[in-house]
Amino acid sequence: TTHDAEPPPPPLAPAEDEAPEVASRRLAEEALASAVEFESLWVSDASVRGKINGEEAAARARAASGANTPRRRRGYQPTASDIEREELAASTAADAAHPAAALFEDPDFRLAKVASLYRFLKPAVTPRDVPNGCGDGGGVARALAARPAALHDLTPRDAARLLVHLRQKHGDAADLVDVVAAKDFEALLAPPPDRDDSDAAREARARARRLEAMAAAGGAMRTVTARVEARVGIDKSRVDIDENTGSTGDGRTQGGGKWTVGGTLKGTTTRADDLKVRFWNLWGGSSECRRAVTESPRGSVFRDPARMEAAVTRLDRYVPFIDVPMLLHRAPPLLEVDAATLVRRVAGLKIALRGGDLGAVLGLAPGLLLATADEADAAVAEVRREVKLAREERLQPPLRQGSAKEHRAVYEATMCIVKAGGAESLLKRAERKMKKKRVVLLTERTSPH
């Protein structure tokens, strides 16, 4: 029996923060591909069908008895012994056939059963070297082809209980692919027995699970509260206003400095605590920051909150005129650069763009600090050349080199560039200066965010 069906489209690769409907559609497409693969094995491999219709058992019986029917010439009339052997083989096949063998003749039954079992069997039979989002590598189809009776005897609920039982039995570090594949996928036909407890026993288990969940939630809440208090630095004795010092209880203005921390009042009394709170507020709301954490290896700075907070406060100590929390959350790779290197790069940009507020430029283009000093100097030099050519085209008098007006004109042109195209557009000018390549013009407005 064949099943005429168009080959399914390739499954969708999972994206970061994949939506539930997208994941469901991807799994459905993978299940359909696995069902089609099993169908090809069913049609092309007689041994798969023989496990259901009993032909495999009949062939083993013939081989064991050594009474295989010899090939006869055309027109040969079978003898009584030939008829007896055929009847014995047919009886053996009928006895060994699956009770629901008639259902397996329906291709729709086979496709539907494979698709319903796919999402439960995929984690157990997919090799670990198969990338996520690339299907199961044919594991589900091969497992069901080895034990086709599982299409009828194994329900999705039994498959889920089987996986939970194997995980609890062999531990979290065990490779279930080897466990399930042992003895030609024999485990698929031996799910753990379903518990048949009384109502009182089930209610007791449910009550114990609720109490355990409540205790875990309470512990998690206490842990979160302690971490927040440690980061923010909440201390009732520090919140009270000291009449001698005249403290306002606002960490944004602590120390009476010229540069205050951005954002709203956060209930802190020191600049360092206010910087940390502002940084975590910005960091937690950025998908790019979450991606940096999930893609980082173990031991990375992105997985150590204390190192991240230290990087924020250390950099602010040297360059308070820059909104450090905003800078680091817009360009997470800067957290991996040491403070001394960042300060040297900021100093180089401050000398090159002395005509205005460097903090405003870096707020729009934090990627400038990821470039080398030579690239930044080449980009500013190219902007200075563009300003000179623009004034010549407008028949304006040239600006004296090194004058305050020239510095201001270069700064304003740089601000226009980063507003339109971010750090990428500005660094393209460094490529033109250093490699003689075309740059992104001022009129080409592209968002770097």
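Each residue of the sequence shown is one higher than the last, beginning at -18 in the working numbering. Glycine is no exception: its CB is placed at the ideal position from the N, C-alpha and C atoms.
Practice task
With DSSP collapsed to three states, give me the class of GLY336.
Solution key: When DSSP states are grouped into helix, strand and coil, GLY336 belongs to the coil group.
Problem - Alpha-carbon to alpha-carbon, LEU98 and GLU68 - result: GLU68 and LEU98 have their C-alpha atoms roughly 37 Å apart.
Problem - Local Cβ density within 10 Å of THR107, reported as buried at 16 or more and exposed below that - result: Buried.
Practice task
Helix, strand or coil for GLN382, going by three-state DSSP, please let me know.
Solution key: Assignment of GLN382 by DSSP, reduced to helix, strand and coil, places it in the coil class.
Handout entry: CB contact flag (ALA320, LEU296, <8 Å)
Key = Yes, they are a contact pair.
Problem - Nonlocal neighbours in the same chain, by C-beta distance under 6 Å from GLY120, ignoring five residues either side - result: Same-chain partners within the cutoff: VAL106, THR107.
Handout entry: Rounded straight-line distance, which links the Cα of LEU334 to that of SER267
Key = Distance between the alpha carbons of SER267 and LEU334 is about 29 Å.
Problem - Distance between beta carbons of LEU309 and VAL293, contact taken as under 8 Å - result: Right, the Cβ-Cβ distance comes to about 6 Å (below 8 Å), so this counts as a contact.
Handout entry: ALA341 in three-state terms, based on DSSP
Key = Three-state DSSP puts ALA341 in a helix.
Practice task
State buried or exposed for GLU11, treating a residue as buried only when at least 16 other CB atoms are found within 10 Å of its CB.
Solution key: Counting other Cβ atoms within 10 Å of its Cβ, GLU11 reaches 16 or more and is therefore classed as buried.
Practice task
Measure the Cβ-Cβ separation of PRO379 and LYS386 and say whether it is below 8 Å.
Solution key: For PRO379 and LYS386, no; Cβs fall outside 8 Å.
Exercise for the section: Closer than 8 Å by C-beta to ALA126: which residues in its own chain qualify, once you throw out the five before and the five after it? Chain order, please. Expected result: If we look at ALA126 and ignore the five residues flanking it on each side, its Cβ neighbours are PHE19, LEU22, TRP23, ASP26, VAL29.
Exercise for the section: Determine the burial state of LEU349: buried for a count of at least 16 other Cβ atoms within 10 Å of its Cβ, exposed for fewer. Expected result: A residue is called buried once 16 or more other Cβ atoms fall within 10 Å of its Cβ, and LEU349 is buried on that count.
Practice task
Using 10 angstroms around the beta-carbon of ALA359, count the other beta-carbons present and answer buried if the total reaches 16, otherwise exposed.
Solution key: The residue is buried, with at least 16 neighbouring Cβ atoms inside 10 Å.
Practice task
Determine the DSSP secondary structure at GLY35, reduced to helix, strand or coil.
Solution key: GLY35 falls in the coil class under three-state DSSP.
Exercise for the section: With a threshold of 16 other CB atoms inside 10 Å of the CB of LYS150, please say whether the residue is buried or exposed. Expected result: By the neighbour-count criterion, in which 16 or more other beta carbons inside 10 Å mark a residue as buried, LYS150 falls on the exposed side.
Practice task
Count the other CB atoms, across all protein chains shown, that sit within 10 Å of the CB of PRO152; report buried if there are 16 or more and exposed otherwise.
Solution key: Sequence check: residue 152 is Gly here, not Pro. Answer is exposed; the Cβ neighbour count stays below 16.
Handout entry: Cβ-Cβ distance between ARG100 and LEU132 below 8 Å
Key = For the pair ARG100 and LEU132, the CB atoms are not nearer than the 8 Å cut-off.
Problem - Supposed contact pair ARG259 and VAL274 - C-beta distance, whole angstroms, cut 8 Å - result: Not a contact, Cβ separation roughly 18 Å.
Handout entry: Sub-8 Å separation of ASN130 and HIS79 beta-carbons
Key = A small fix is needed here, since residue 130 is Ala in this sequence, not Asn. Yes, these two residues count as a Cβ contact at 8 Å.
Problem - Residue closest to ASP254, alpha-carbon to alpha-carbon, out of PRO88, ASP285, ALA291 - result: When each option's Cα is compared against that of ASP254, the closest is ALA291.
Problem - Range of the contiguous alpha helix (DSSP H) that encloses THR347 - result: Looking at the sequence itself, residue 347 is Pro, so the reference to Thr does not match. Here PRO347 belongs to no alpha helix (DSSP H), and DSSP marks it neither H nor E.
Handout entry: Cβ neighbour criterion (16 or more within 10 Å) applied to SER406
Key = It is buried - the Cβ of SER406 has at least 16 other Cβ atoms within 10 Å.
Exercise for the section: Throw me the rounded Cβ distance for the LEU345 and LYS409 pair, which I believe falls under 8 Å. Expected result: Beta-carbon to beta-carbon, LEU345 and LYS409 are separated by about 16 Å, too far to satisfy the 8 Å threshold.
Practice task
Specify, as a first and last residue, the run of the alpha helix (DSSP H) that SER97 falls within.
Solution key: Here the alpha helix (DSSP H) through SER97 covers 88 to 106.
Practice task
Buried or exposed for SER15, please, with buried defined as at least 16 other CB atoms from any protein chain shown within 10 angstroms of its CB.
Solution key: Buried, because 16 or more other Cβ atoms sit within 10 Å of the Cβ of SER15.
Handout entry: Those runs of the alpha helix (DSSP H) which lie wholly inside the segment 247 to 295 and span at least 4 residues
Key = At a cut-off of 4 residues, the continuous stretches assigned as alpha helix (DSSP H) that sit fully inside the segment 247 to 295 are 252 to 265, 268 to 276.
Handout entry: HIS79 - DSSP class collapsed to helix/strand/coil
Key = Reduced to three states, the DSSP call for HIS79 is coil.
Problem - Run of the alpha helix (DSSP H) containing VAL17, from where it starts to where it stops - result: It spans 1 to 25 - the alpha helix (DSSP H) in which VAL17 sits, taken as one unbroken run.
Practice task
Using three-state DSSP, classify GLY200 as helix, strand or coil.
Solution key: Helix at GLY200.
Handout entry: Cβ pair LEU169, ALA197 closer than 8 Å
Key = Not a contact, by the Cβ cut-off of 8 Å.
Handout entry: Exposed unless 16 or more other CB atoms sit within 10 angstroms - verdict on GLY200
Key = It is exposed - the Cβ of GLY200 has fewer than 16 other Cβ atoms within 10 Å.
Exercise for the section: Would you mind working out which of ARG311, MET195, ILE332 sits nearest ALA362, comparing C-alpha positions? Expected result: If we check each option's Cα against that of ALA362, ILE332 comes out closest.
Exercise for the section: Pull up the CB-CB distance for PRO347 and ARG311, whole angstroms please, since I reckon it's below 8 Å. Expected result: That pair is a contact at about 5 Å.
Exercise for the section: Between the Cα of ILE33 and those of ASP76, ARG138, PHE283, VAL327, spot the shortest distance and give me the residue it belongs to. Expected result: Nearest C-alpha to ILE33: ASP76.
Practice task
Would you please state the rounded distance, in angstroms, between the beta carbons of ALA96 and LEU13? I believe it to be under 8 Å.
Solution key: So it is a contact: roughly 6 Å between Cβ atoms.
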